């Protein structure tokens with residue numbers, strides 16, 4: 003895999019980015035639409051023979067520079083192909099992992115709900131909220147309704163995020 007760094011100037015020569023749709027188009031080509039999905043569901047765009055993740059290109063396009071080495075470009079809504087500017091933010095690796103949705107491999111058999119920070123307690127027959135932040139586990143209580151648990155999880159994550167800032 004080639005690792006030559008794409009410059010902001012070269013990116014602007016090759017593509018245009020629509021921040022409202024999150025889509026890129028090649029400049030000066032008959033088929034302007036660009037990008038294809040990789041095996042993980044992210045959009046990859048080939049420029050000068052090198053494949054780049056579209057969300058990182060959107061960041062470069064809008065800010066003029068790549069994110070710092072210790073930061074990731076995160077999708078706010080966890081939809082990997084939603085590269086609208088309002089849906090992108092910088093996050094540390096730990097934040098990025100905390101925001102991700104439960105993996106299908108975790109499945110209901112292991113207590114995962116498919117909703118971030120919401121799990122099933124088979125013994126109590128209730129949903130519970132558990133958020134990890136700064137190497138600590140924070141509990142948000144038990145709920146009979148998964149939607150109430152999801153709302154509680156979101157509120158707890160936001161509260162912890164504000165407290166950390």
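In this note's numbering, the protein residues as written are 3 to 167. We put the beta carbon where it would ideally sit given N, CA and C, even for glycine. Since this is a predicted model, take the numbers as computed values, not measurements.
Worksheet entry | Where residue 12 falls, given that 16 or more other Cβ within 10 Å makes a residue buried | For the purposes of this step, residue 12 is identified with residue 10 of the chain shown, where counting begins at 1. Looking at its Cβ environment, which holds fewer than 16 other Cβ atoms inside 10 Å, residue 12 is exposed.
Discussion item. Rounded to the nearest angstrom, what separates residue 20 and residue 65 at their Cα positions?
Written reply: Here residue 20 is taken as the residue at index 18 of the chain shown, counted from 1. Here residue 65 is taken as the residue at index 63 of the chain shown, counted from 1. Whole-angstrom Cα-Cα distance: 14 Å.
Fill in: Pair within 9 Å by beta-carbon distance, residue 18 and residue 8
Here residue 18 corresponds to residue number 16 of the chain shown, with the count starting at 1. Here residue 8 corresponds to residue number 6 of the chain shown, with the count starting at 1. No, they are not a contact pair.
Worksheet item: Whose C-beta lies closer than 7 Å to the C-beta of residue 111 among residues of the same chain, with five residues either side of it excluded?
Response: Walking along the chain shown from the start, residue 111 turns up at place 109. Note on residue 111: pLDDT 45, under 50, position unreliable in the model; the coordinate value appears next. Around residue 111: no qualifying Cβ.
Discussion item. Only counting the same chain, and skipping five residues up and downstream in sequence, which positions put a Cβ closer than 7 Å to that of residue 91?
Written reply: Numbered from its first residue, the chain shown carries residue 91 at position 89. If we look at residue 91 and ignore the five residues flanking it on each side, its Cβ neighbours are 76, 78.
Discussion item. Give me, in chain order, the residues of the same chain whose beta-carbon lies closer than 7 Å to that of residue 115; leave out the 5 immediate sequence neighbours on both sides.
Written reply: As a first step, residue 115 must be located in the chain shown, where it is residue number 113. 104, 121, 122, 129, 148.
Worksheet entry | Close beta carbons around residue 37, own chain, < 8 Å, minus the five adjacent residues each side | Here residue 37 is taken as the residue at index 35 of the chain shown, counted from 1. Taken in chain order, the residues that qualify are 25, 26, 45, 46, 47, 56.
Worksheet entry | alpha helix (DSSP H) segment containing residue 154, residue limits | As a working mapping, residue 154 is identified with position 152 in the chain shown. Counting along the chain, the alpha helix (DSSP H) containing residue 154 begins and ends at 148 to 166.
Worksheet entry | Buried or exposed by the 16-neighbour rule on C-beta atoms within 10 Å, applied to residue 106 | Translated into positions along the chain shown, residue 106 becomes position 104. Model confidence at residue 106 stands at a pLDDT of 43, short of 50, so the residue's coordinates are unreliable; what they give is reported in the following sentence. That one is exposed.
Practice prompt. Quick one: using the 10 Å Cβ neighbour count with 16 as the cut-off for buried, is residue 157 buried or exposed?
Written response: Translated into the one-based positions of the chain shown, residue 157 becomes position 155. When all chains shown are included, residue 157 counts as exposed.
Discussion item. Please state the DSSP three-state secondary structure of residue 109.
Written reply: As a position in the chain shown, residue 109 is number 107, starting the count at 1. In this prediction, residue 109 scores a pLDDT of 42, lower than 50, which makes its location untrustworthy; no coordinate-derived value is stated.
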